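Below is one structure; the comments refer to it alone.
Number of protein chains: 2
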Amino acid sequence: MPRTRLCSCWGGQVLPLLLAYVCYLLLGATIFQLLEKQAEAQSRDQFQFEKLRFLENYTCLDQQAVEQFVQVIMEAWVKGVNPKGNSTNPSNWDFGSSFFFAGTVVTTIGYGNLAPSTEAGQVFCVFYALVGIPLNVLFLNHLGTGLHAHLTTLERWEDQPRRSQLLQTLGLALFLALGTLLVLIFPPMVFSHVEGWSFSEGFYFAFITLSTIGFGDYVVGTDPSKHYISVYRSLAAIWILLGLAWLALVLPLGPLLLHRCSQLWLLS
Amino acid sequence: MPRTRLCSCWGGQVLPLLLAYVCYLLLGATIFQLLEKQAEAQSRDQFQFEKLRFLENYTCLDQQAVEQFVQVIMEAWVKGVNPKGNSTNPSNWDFGSSFFFAGTVVTTIGYGNLAPSTEAGQVFCVFYALVGIPLNVLFLNHLGTGLHAHLTTLERWEDQPRRSQLLQTLGLALFLALGTLLVLIFPPMVFSHVEGWSFSEGFYFAFITLSTIGFGDYVVGTDPSKHYISVYRSLAAIWILLGLAWLALVLPLGPLLLHRCSQLWLLS
Ligand SMILES: [K+]
Ligand SMILES: [K+]
């Protein structure tokens, strides 16, 4: 009875996986709550205190007026207007920012600090993503697997003398280390410096970006109080593409390198 | 010379793809700019007008005080405090919300309306995602390919009589249509109704969620002026997992159905 066998086998693999998945989510929920709840309560108290101080300092204001103003500010924020500063802020939808936005759509990073607010923009965004996401996957996969095939099949590693194997493995490891330094370590340090973030915040930003989670809590080139050079956002967009391509290349190479190192280890 | 042949072949495929990719981004940048820039300018003018009216109505306020208050509100917002309403708002980090957040991390949706603000939370988030994202991919892939294999290999479609082929294809099409209705059409309509969104906004939310872009401009269960039933957010999280699993199942089935329909068409 191949039908029932496959069924029960599939069920037998899916159910433990489902259980592991749900447990992992529950574990995450518990720990995130432990870590964040107190900080949130402090931020809340701080904000209530600031609001009360504002009401005390400016006696013409009442509670209702302040709430109304908060409402106005939040509505502006939701519609993509930065309420800080004056109206001479650069537009969020100039060409560089639109390009950056298009990049966050096709890579599915979707920071959300910029999002279409008009119905036409939203409809276009859906169809743009429908074509753009597969195109992005195709491009990154092609880049990764192409270079991977080039590195693995052409060298005929198994047939070569021991000394050459060692040199090639060292070369590959150096190539990976140097690339990782240039793509994953150096740029976050530059971003931290330019944006005034701590190094850990810079690496958090890089991880959240290149994992395509893209919370949007840290986004380069969005601080209205800073004057960025004009190509800064475009450079950031190019870094994102380079980083994703690098990960598409490196992630399949990892097992290969481990395999080779273990073989060299066993032979020695 | 196999080395140069593979090299030029790989380069010959990657370069047009790179060109198509960059052109697609430039096209997107142009159209998003056209669609959004005017609406943004209007929102800006509207906000400046509201700010001026506020300054006129409350004469004890000066420009500086208002800017300072905006600063306070934006800082609270960035730290995850909703400035609207009072401090009796439910916490953003209660268990249901933390569970929802953990789900947005492992699926890489990352709405960002909730994000860790403490350094410990950020560090944990990185390691949580490092394990959780592969687990999520494994789970969804397994669900999709398992059911796909079950539907395709066991039926021995090619060997069966014509009438049975027709019935099975109809059955598969009906199964896909019904599932899509239940997972992709019906829930967005319910969300639109509960959240007070238009239908097009509901579908935009569903698309942005299930494509894992997750801008966070529309998120269910986050309006502080609404009273949701207690399991609403958990139901939404389950819908997201169901929807992603459904897409992982349906996307590989599409080509199969097309193939079968074309075969039935050619035979008739
Ligand atoms: K995302
Ligand atoms: K996101």
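Protein sequence lines correspond, in order, to chains A and B. Each residue of the first sequence is one higher than the one before, counting from -13 in our numbering. Each residue of the second sequence is one higher than the one before, counting from -13 in our numbering. From the three backbone atoms N, C-alpha and C, an ideal C-beta is built for every residue, glycine too. Remember, predicted model here, so these are calculated numbers, not experimental data.
So, is residue i buried or exposed, given that buried needs 16 or more other C-beta atoms within 10 angstroms?
i                   : result
Arg219 of chain B   : buried
Thr94 of chain B    : buried
Pro120 of chain A   : exposed
Ala88 of chain A    : buried
Val58 of chain B    : buried
Leu21 of chain A    : buried
Val297 of chain B   : Nothing about residue 297 of chain B can be reported from this structure: the residues present for chain B run from -13 to 254 only.
Leu140 of chain A   : Interpretation of Leu140 of chain A is limited by its pLDDT of 49, a score under 50 that renders its predicted location unreliable; the figure taken from the coordinates is listed afterwards. Leu140 of chain A comes out exposed.
Ser248 of chain B   : exposed
Lys37 of chain A    : buried
Thr195 of chain A   : buried
Arg(-11) of chain B : Unreliable positioning characterises Arg(-11) of chain B in this predicted model, as indicated by a pLDDT of 44, which lies under 50. The coordinate reading is nonetheless provided below. Per the 10 Å Cβ criterion, exposed.
Gln50 of chain B    : exposed
Leu266 of chain A   : Here chain A covers residues -13 to 254 and nothing more, so residue 266 of chain A does not appear.
Leu11 of chain B    : buried
Phe35 of chain A    : exposed
Within this structure, are the beta carbons of residue i and residue j separated by less than 8 Å?
i                 : j                 : result
Glu187 of chain B : Ser178 of chain B : yes
Leu126 of chain B : Leu239 of chain B : no
Glu26 of chain A  : Trp251 of chain B : no
Asp31 of chain B  : Gly98 of chain A  : no
Leu253 of chain A : Arg148 of chain A : yes
Gly130 of chain A : Ala62 of chain A  : no
Phe81 of chain B  : Ala15 of chain A  : yes
Lys65 of chain A  : Ser29 of chain A  : no
Gly96 of chain A  : Ile199 of chain B : yes
Val236 of chain A : Leu162 of chain A : yes
Ser77 of chain B  : Lys23 of chain A  : yes
What residues of chain A sit near residue i, judged by a beta carbon separation below 9 Å?
i                 : result
Ala115 of chain B : Phe193, Ile194, Ser197, Ile199
Leu3 of chain B   : Leu121, Leu124, Phe125, His128, Leu129
Val112 of chain B : Phe189, Tyr190, Phe193, Ile194, Ser197
Phe40 of chain B  : Ala51, Gln54, Phe55, Val58
Kindly list, in the order they appear in chain B, the residues whose Cβ is closer than 8 Å to that of residue i.
i                 : result
Phe81 of chain A  : Ala15, Thr16, Gln19
Thr104 of chain A : Leu21, Glu22, Ala25
Gln108 of chain A : Ser186, Glu187, Tyr190
Gly98 of chain A  : Tyr97, Gly98, Gly200, Phe201, Gly202, Asp203
Ser77 of chain A  : Lys23, Glu26, Ala27
Go through its chain and collect everything with a Cβ distance to residue i's Cβ below 8 Å, but skip five positions before and after it.
i                  : result
Trp232 of chain B  : Gly165, Thr166, Val169, Leu170
Leu47 of chain B   : Phe40, Leu41
Gln(-1) of chain A : none
Pro174 of chain B  : Phe185, Gly188, Phe189, Phe191, Ala192
Ala222 of chain A  : Phe86, Phe177, Val206, Gly207
Asn43 of chain B   : none
Report all residues from its chain with a CB closer than 7 Å to the CB of residue i; omit the five preceding and five following residues, and keep chain order.
i                 : result
Ser83 of chain B  : Leu100, Arg219
Val91 of chain A  : Cys111, Tyr114, Ala115, Gly118
Tyr214 of chain A : Gly207
Ser184 of chain A : Ser178
Val67 of chain B  : none
Asp209 of chain A : Glu181
Leu225 of chain A : Per the sequence shown, the amino acid found at residue 225 of chain A is Trp instead of Leu. Only Pro173 meet the Cβ criterion.
Phe201 of chain A : Ile194
Would you mind telling me which residues of chain A sit closer than 8 Å to residue i, beta carbon to beta carbon, in chain order?
i                 : result
Val169 of chain B : Under the 8 Å cutoff, chain A gives no residues; its nearest Cβ is about 17 Å from Val169 of chain B.
Val91 of chain B  : Gly14, Ile199
Tyr44 of chain B  : Tyr44, Cys46, Leu47, Ala51
Lys212 of chain B : Per Cβ cutoff of 8 Å: no residues; Lys212 of chain B is ~15 Å from chain A at best.
Listing by chain order, which chain A residues have their CB less than 7 Å from the CB of residue i?
i                 : result
Cys9 of chain B   : Result: empty, since nearest Cβ-Cβ is about 10 Å, beyond 7 Å.
Ile119 of chain B : Ser197
Gln36 of chain B  : Reading the sequence as shown, one finds Glu at residue 36 of chain B and not Gln. By Cβ distance, chain A contributes Val58.
Ala101 of chain B : Phe201, Asp203
Phe177 of chain B : By Cβ distance, chain A contributes nothing, its closest Cβ being about 15 Å from Phe177 of chain B, past 7 Å.
Ser84 of chain B  : Ala15, Phe18, Gln19
Phe172 of chain B : Near Phe172 of chain B there are no residues of chain A at all, since even the closest Cβ is about 19 Å away, more than 7 Å.
Residues of chain B with CB under 7 Å from residue i, in chain order?
i                 : result
Cys247 of chain A : Per Cβ cutoff of 7 Å: no residues; Cys247 of chain A is ~21 Å from chain B at best.
Lys70 of chain A  : Val56, Gln57, Met60
Phe87 of chain A  : Phe18
Thr166 of chain A : Ordered by position in chain B, no residue passes the 7 Å Cβ test against Thr166 of chain A, which lies about 15 Å from the chain.
Phe161 of chain A : Simply none; closest approach about 16 Å.
Closer than 6 Å by C-beta to residue i: which residues in its own chain qualify, once you throw out the five before and the five after it? Chain order, please.
i                 : result
Lys70 of chain B  : Pro210
Asn122 of chain A : Val92, Thr93
Leu3 of chain B   : none
Leu228 of chain B : Val169
Along chain B, in chain order, which residues have C-beta atoms closer than 9 Å to that of residue i?
i                 : result
Ala6 of chain A   : Leu121, Phe125
Thr155 of chain A : The premise fails here: Thr155 of chain A is roughly 19 Å from chain B at the closest Cβ pair, so nothing lies under 9 Å.
Thr208 of chain A : Ordered by position in chain B, no residue passes the 9 Å Cβ test against Thr208 of chain A, which lies about 11 Å from the chain.
Next item on the list: Could you pull out every unbroken beta strand (DSSP E) segment of at least 3 residues lying fully inside the segment 22 to 70 of chain B, listed in chain order?
Entry: none
Note to self: My parser needs the alpha helix (DSSP H) runs of 4 or more residues fully inside the segment 204 to 234 of chain B; what are they?
What the structure shows: none
Checklist line | Segments assigned alpha helix (DSSP H), at least 4 residues, entirely inside the segment 101 to 183 of chain A | finding: 105 to 139, 148 to 166, 172 to 181
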